[in-house]
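A quick write-up on the structure given underneath.
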Amino acid sequence: MKVKLQNDAGLFREVPMGLSWTGFLFTGWVLVFRGIFARGLIYLFFVYGFQIAMFILIAVASGAGDQESANSLRVFAFIVLFIPNVIFLFKVNKWTARYWMDRGYRPVGPGWEKWAPKIGLAVPKGTSS
Numbered sequence: 001m002k003v004k005l006q007n008d009a010g011l012f013r014e015v016p017m018g019l020s021w022t023g024f025l026f027t028g029w030v031l032v033f034r035g036i037f038a039r040g041l042i043y044l045f046f047v048y049g050f051q052i053a054m055f056i057l058i059a060v061a062s063g064a065g066d067q068e069s070a071n072s073l074r075v076f077a078f079i080v081l082f083i084p085n086v087i088f089l090f091k092v093n094k095w096t097a098r099y100w101m102d103r104g105y106r107p108v109g110p111g112w113e114k115w116a117p118k119i120g121l122a123v124p125k126g127t128s129s
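The structure is reproduced here in structure tokens:
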């Protein structure tokens, strides 16, 4: 479901609500494509930096003949990289709505009665139609 936001100039934004499977699969890129550049790029920098560091550590451990350490690093890397994807699955749409509301957009239209409490927002009476 998508809900609408409107700013004082009359511009509308539609923000999806619920689970974000694109957020699960593409994490920081979702923020970048939604116009939340700084947060998306910072996230991508840390995730890709961590991945590169893990690949280097795994290659060094494998090259040294220590397969047990390399396998442990692979499991650790998988778990640590999987957790942010799960968080994005549940949170990225809420973060997007909050981001635009912090920049002057306000909720309008139907759907906010259901989603406003879930993102910690009290929608004034008469906002939805």
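For the sequence shown, position 81 (counting from the first letter as 1) is numbered 81 according to the working numbering, and the numbering increases by one without interruption.
Note that beta-carbon positions come from the ideal geometry of N, C-alpha and C, so glycine has one too.
| query | result |
| --- | --- |
| Under 8 Å between C-beta atoms of A59 and S69 | no |
| Given 8 Å, three or more beta-carbon pairs between the stretch 78-93 and the stretch 41-61 | yes |
| Three CB pairs or more closer than 8 Å across the stretch 83-98 and the stretch 15-32 | yes |
| Three-state secondary structure (DSSP) of P107 | strand |
| One or two residues paired with E68 in a DSSP bridge | BP columns for E68 are empty, so no partner. |
| Simplified DSSP assignment, three categories, for L121 | coil |
| C-alpha gap between R34 and Q67, whole angstroms | 42 Å |
| Candidates L41, P110, F24: closest to Q6 by CA position | P110 |
| Contacting residues, own chain, Cβ-Cβ under 6 Å from V30 (five flanking each side not counted) | T22, G23, V92 |
| L5 - partner residues in DSSP beta bridges | R13, P107 |
| Boundaries of the alpha helix (DSSP H) in which G35 is found, first to last residue | That residue, G35, is in no alpha helix (DSSP H); it is neither H nor E in DSSP. |
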